Structures are given as C-alpha cells and as structure tokens.
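Protein chains: 2
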Amino acid sequence: MLKDDILKALLEAGDYCSGQALCERFHVTRTAVWKAVARLRDEGYTIEARQNRGYRLQNTEYLLSQASLDEAFAAQNFLKRWVFLQQTDSTNLEVKRAAAAGDWGPTLFVAEEQTAGRGRRGRNWSSPPGSGIWMSLLLRPKLRPERASVLTLVTALAVTDGIREATGLEAAIKWPNDVVVKGKKVAGILTEMSTDMDRIEFVVIGIGINVNTESFPEEIQSVATSLAIEQGKRAARTPIIAAIWKHFAAYERLFEATGSFAALKERYETLLANRNREVRVLDPDGEYTGTAIGITEEGELLVLRDDQSLTAVRSGEVSVRGIYGYV
Amino acid sequence: MLKDDILKALLEAGDYCSGQALCERFHVTRTAVWKAVARLRDEGYTIEARQNRGYRLQNTEYLLSQASLDEAFAAQNFLKRWVFLQQTDSTNLEVKRAAAAGDWGPTLFVAEEQTAGRGRRGRNWSSPPGSGIWMSLLLRPKLRPERASVLTLVTALAVTDGIREATGLEAAIKWPNDVVVKGKKVAGILTEMSTDMDRIEFVVIGIGINVNTESFPEEIQSVATSLAIEQGKRAARTPIIAAIWKHFAAYERLFEATGSFAALKERYETLLANRNREVRVLDPDGEYTGTAIGITEEGELLVLRDDQSLTAVRSGEVSVRGIYGYV
C-alpha cells in the first residue's frame, strides 16, 4: 500500500521528504500522497508538513515498523524472518497460521495492535496501538513435549533481561508467566504448543508488554503498570524487542545445548520476584501458604510450606499469589 | 452436488429408483442424472441400471456415506456432529481447521480417501479410497495437558474392542499406538494436541484402519495386514466405526469420571499383545531387552529388564519392538 511505502521512505530519510519527490518515486499524484499521509496520522504517526520542505516523521524512535525491525535484526542470526503488522487479530494466531502453511521458523510477528489478544486461561489481553509490544515467535524446538513448558521460563528470563538492558528498570520474574517492575505486572507470556505426543510440531511464544500505557483502570492500578509509568518517560520499543530476542537466543541455545534448565537456574532465581516471599498457593486440592525458595530444574516453584514440608509446584495446576500483593 | 443427492436417494431407497423419479425430485434432466451416476461409478460405487426399473446401488453394506453415518450415530449421544468426506488431505487437518473455526466437538470426520494422510513421526500413511477407515475426532477434554497421552490408550482400547465386536477377530493392542491381528498391524492411532501448557485447547484423535486392503507390498507383508485378509472376506466399515465410538464414549466417560486410567487398566492389559512378550526397547540412551509385564496408571509400559530391574517406559521417548517380530 502507498501509505506503507511512504512511511518506509520517511523512516529511511529521517528528515524532510518533498511531496514532489514522493510523487515521482511512487508514480502517484500529490493528492494520493496527501491522503496517504492523512491515513498515517490517523494511525498515530506524527508527521510534520512544511511549505517548501515537505513531510517529516517525528518521534521516530517511538515507532514500530518493518524498517525498524529490519534494522534491529540485521546483525543477528537467530530469527529467520520477522514480520511487522499494523493490526492483527492476535500474533499467536499469526504464528499458528504461518506454522500451518509450513513456515519453519524461528519467525517473529510483531503487531502495533491486536484486536483479539489473549492471555492465559483464555482471558482477554488489551492490546491497543502505540502503547505496547505485542509479539509472538514461531519455534520448532527439538524437545520432548513434556519439557516444552520450560520455554516459558526461558522466555521470562529473556523478557526480564531485555527490559533491564533497554530501560535500566529492575524488572523481575513472577513465576511462571509474568514480568514485574516494583511488584506490578508489566509483561505476560503465553506459550502454546502443537504436538503429536511424541514430538513437538511447533511452539508459539506470545509476549505482551505494557510499554507506554499512561494509566490503568483504578481496579488494576495496584497490580499493573507500564515501563513508561515506572521510568517516568516514554520508552522506545524497538530496542526492547531487539534486546529480548538477543537474550532469548542466548538462553535458548544454552538450554538446547545442555538439554537442561540447570545452566539457567541461578540467573532465574536471581531474577525471581517471588523468591523468599510468602506465597499463597491456590491448589485445587486445597489452598496453602509458604515461602517460595527457588525453582527446580524442571521449572517447578519450590515452596517451603508453613508445616516445613517442601513442595514442588507445577505451573498449570495452581495459581501463586503474594500474601501482601501481586508478588 | 447432484451426485451426492442421488447417492443419498439410492442409499435411502435400498432398491431401484426410476430415472424419471430422480429427475422430478431434483428438478434436473435425464442427462444430468445419467452424468451424476457416471461420476458415482468413477468414485467406485457399483450402480446397476435396468430398463423400466431405474438405478440401484449394489453392495451398499460396504459403502461409507453421510447417510450411513447418520444412521449409525442416530441413537448415540456422544458425538455432536459427524461429517463424511469423499476426499480430503487428512482428517487430522480437517479437525484442526474445524477447531480453529470454533467447532466445540466432539466432532468426527470420516474420509473415503486421504491424499496426505500422516502417521506418527510425520510418516506417510497410505489412505486409498474404498479399502480403509480414515477418521479423526475433535475433542476438548478437561484434562491436564500432561495427561493427554492417556487418550491414545483409551482410543487403542476402543478400536480394539470395536474391531472385535464388529468382526469377531481377536484384535489386540500393540502399546501404545497400534492395533494388531495375529501380530500384524491393522490400525494406527495418531493423537495430536494444541495446548497453552495450563489447559488443553483441543485434541485430535486420528485413526487409520486397513479394512478391505487385498494385499500389501512384499516388504511389509510380515508386519501389516487388513481385516479382510484376516477374516477371508470383505468387511462392512460403518458397523466398525459405530462400534469404535460406542466403546470410546464409554471408556472416555469412565476415564473422565474417575480422572484416572486405573478403571481401564485391567481391560487394557487383557488386550495387550505385548504382554508377557520379550521386547526390545530402543531407548535413545541405550537399547535394552526385557519382558513387557503390563502398564502403569499413567499409561507407561512396564518392562522387566533382563537384569531384573523394572522400568516404566514412556511413549514418545522410545520405540518398542518384539524380539520375534512386530509385537
């Protein structure tokens, strides 16, 4: 579409582009260029127009685009393909469709907006344009299916370290699927898998991060936050995305090479927000409290119960909540 | 399509239908009826045409059709929907597409022919028209994902009991995915699952049965057979299908109600072809031999190794072969 071509031209230029030059480059009329610019503004891009100089994209560091991803991933060799989408139903569904069409991956889908984003247990995941990172990876790991849930832990490590590197915020992991800053959730992970029991067909690793959300509804303000709220200024999204997949590639390589989470356990426990915290375990067979003391090499949370017995809590069977808040 | 309408009319009549009556019923010309009959003959149906009497379908008991499934499933209350397809790429793929489109199931797809049928580990599964049962079930069980592989055992039980009931042959289970008659494979099961680690999104249970296959390539004659070869005559497929899902519904209900395979363990071990046989376990960590003595409640094969140690063998990690043949 013309608007995408013009956006790419403005991004590449990084400065003013004359309307005449755009007309000539794309073989269209001035009116067509003007209309495309208007549509880009509707999508949230700030485009300055100046007599005799032309159009200029502002605040480009806050934009996501195919061009910004191309630049971020040019030097890495983990992702085979990356796709930016202005809008989609859900990036996890994008991955499933790509897998069904034979995509071998690793392939990353990043969307500016999801219209049907989902979190764990089928919950809705709000994914408005401009304020977040909504992305999913297609991976075909050589893992036994029963080991796949460890990929959620690997991802939590990568998201936490990526956010730390790109923003300096002290992000931490709330076992097993969330990343928190100062005890409030900034990111969630939804790992899905298609398997024939013997082997994994493919895995979908979905990541949602509240980046520039300015405020949250009052009823969730105590448990949810954004990177912008925590650092007091807007954050550029592309460097966060790049940092996350850099860490993911390294952690995943280590996990595959050793066939075990043991090599990542120490780093994980260092970043574990629940560690040495009192937790309430909402086991369907009976709720209990205790202290989270670490994780096992299978990725279970080790909880020292108040009766001094030690329980390895498996993701999926239970919910874990902090006694004094979310973590 | 007209040919499907005419097939249904001939099936329902069970006797001669005059060409004139078919023309009037479907508001088409004699030529159109004649062409539809020719197409049905191309698909393998034997349709007799007699002057002054009309068309009659022969050997109807050997045919699969939507009408034959409708009749077979009219009185049951397990399947919510069943779909007959003359040809498809793969019934497992049909299920995945139906699930993606929101089908809640239990829904059964039965195909006369698969053009891209698959077995375990991505192997091709030959599925020519006329000779087999190629079918897949969409199920959304309330099971923890790590328990889903037990559904393969439940299915093996149902296929074995269904074949026994409908044909009288002494079918048996080759743990975990195959059904054998006199030590040779007649059926295979391919269970697939889509999960978000916490819960199962849906399960696909694919079943392939060699029913009226007349002969097998020489290189697999020692390990593969068909129901027709074993009983010395062609078998009607619809009663086998009906019997399998009758048994499946009963076993699955028991499994869900008790949350455990314990209630099915005894029947499974009775039907287990490997039981008390010497087996070779092709474990990636080292091959070993022993005697299969039964299964655990988690569905693992219990093998008494030659060094007298007892190992619970998990499906997916290993292959099990008989020492003196396939079982």
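Same order as they appear, the protein sequences are chains A and B.
When the letters of the first sequence are read in order and numbered with the UniProt record's numbering, they come out as residues 1 to 327.
When the letters of the second sequence are read in order and numbered with the UniProt record's numbering, they come out as residues 1 to 327.
Glycine is no exception: its CB is placed at the ideal position from the N, C-alpha and C atoms.
Everything numeric in this text was worked out from a predicted model, so none of it was measured.
Residue state for aspartate 198 of chain A is assigned as coil, using DSSP reduced to three classes. Straight across, the Cα-Cα distance linking glutamate 230 of chain A with isoleucine 241 of chain A is about 18 Å. At a C-beta separation below 8 Å, methionine 197 of chain B has these neighbours in chain A: Ala148, Ser149, Thr152, Thr191, Glu192, Met193, Ser315 and Gly316. Rounded to whole angstroms, the Cβ separation of threonine 107 of chain B and aspartate 89 of chain B is 17 Å, and the two are not in contact under 8 Å.
Going by C-alpha positions, tyrosine 268 of chain B is about 6 Å away from leucine 157 of chain B.
Taking a C-beta distance under 8 Å as the contact criterion, threonine 195 of chain A and glutamate 192 of chain B qualify as a contact pair. Here the alpha carbons of isoleucine 205 of chain B and threonine 155 of chain B stand approximately 8 Å from one another. Uninterrupted alpha helix (DSSP H) stretches at least 4 residues long and entirely within the region 68-125 of chain B occur at 91-100, given in chain order.
Distance from the CA of isoleucine 209 of chain B to the CA of leucine 169 of chain B, rounded to the nearest whole angstrom, comes to 14 Å. Per DSSP, the unbroken alpha helix (DSSP H) holding tyrosine 251 of chain A starts and ends at 237-258. At a Cβ-Cβ threshold of 8 Å, isoleucine 173 of chain B and leucine 282 of chain B do not count as neighbours. The DSSP-derived three-state label of alanine 32 of chain B is helix. Of A:Gly102, A:Trp104, A:Arg97 and A:Pro217, the smallest CA-CA separation from alanine 101 of chain B is found for A:Arg97. By the CB criterion at 8 Å, valine 179 of chain A and isoleucine 163 of chain A fall inside the cutoff. Nearest to aspartate 198 of chain A by C-alpha distance, out of A:Glu146, A:Ala262 and A:Ala36, is A:Glu146. Closest in C-alpha terms to glutamate 278 of chain B, from the list B:Val320, B:Gly188 and B:Gly130, comes B:Val320. Ranked by Cα distance from glycine 294 of chain B, the options B:Lys233, B:Ala312, B:Asp15 and B:Ile207 are led by B:Ala312. Any Cβ of chain B closer than 8 Å to the Cβ of arginine 121 of chain A would place that residue at the interface, and such an atom is present. Per the coordinates, the alpha-carbon of serine 127 of chain A lies some 17 Å from the alpha-carbon of serine 65 of chain A. Across the set A:Leu63, A:Gln51 and A:Val150, the C-alpha of A:Gln51 shows the shortest separation from the C-alpha of glutamine 20 of chain A. Taking one beta carbon from each stretch, the region 7-22 of chain A and the region 51-61 of chain A have 3 or more pairs nearer than 8 Å; the two touch. Cα atoms of phenylalanine 84 of chain B and alanine 72 of chain B: separation of roughly 12 Å, rounded to the nearest angstrom.
Positions of the beta strand (DSSP E) runs, each at least 3 residues long and wholly inside the region 284-317 of chain A, are given as 288-295, 301-305 and 310-313 in order along the chain. Under DSSP, serine 136 of chain A shares a beta bridge with A:Phe109 and A:Gly206. Beyond the five residues adjoining it in sequence on each side, phenylalanine 216 of chain A comes within less than 6 Å, by CB distance, of Ala224 in the same chain, given in chain order. Setting aside the 5 residues that flank it on each side, valine 33 of chain A is surrounded in the same chain by Ile6, Gly19, Leu22 and Cys23, each with a C-beta closer than 7 Å to its C-beta; the list follows chain order. From the listed residues A:Gly322, A:His247, A:Val211 and A:Pro141, the smallest Cα separation to glutamate 256 of chain A is found for A:Pro141. In the DSSP assignment, arginine 50 of chain A falls within the beta strand (DSSP E) that extends over 47-50.
Look at alanine 21 of chain B here: in three-state DSSP terms it is helix.
Under DSSP, leucine 57 of chain A forms a beta bridge with A:Ile47. A distance below 8 Å separates the beta carbons of glycine 290 of chain A and aspartate 306 of chain A.
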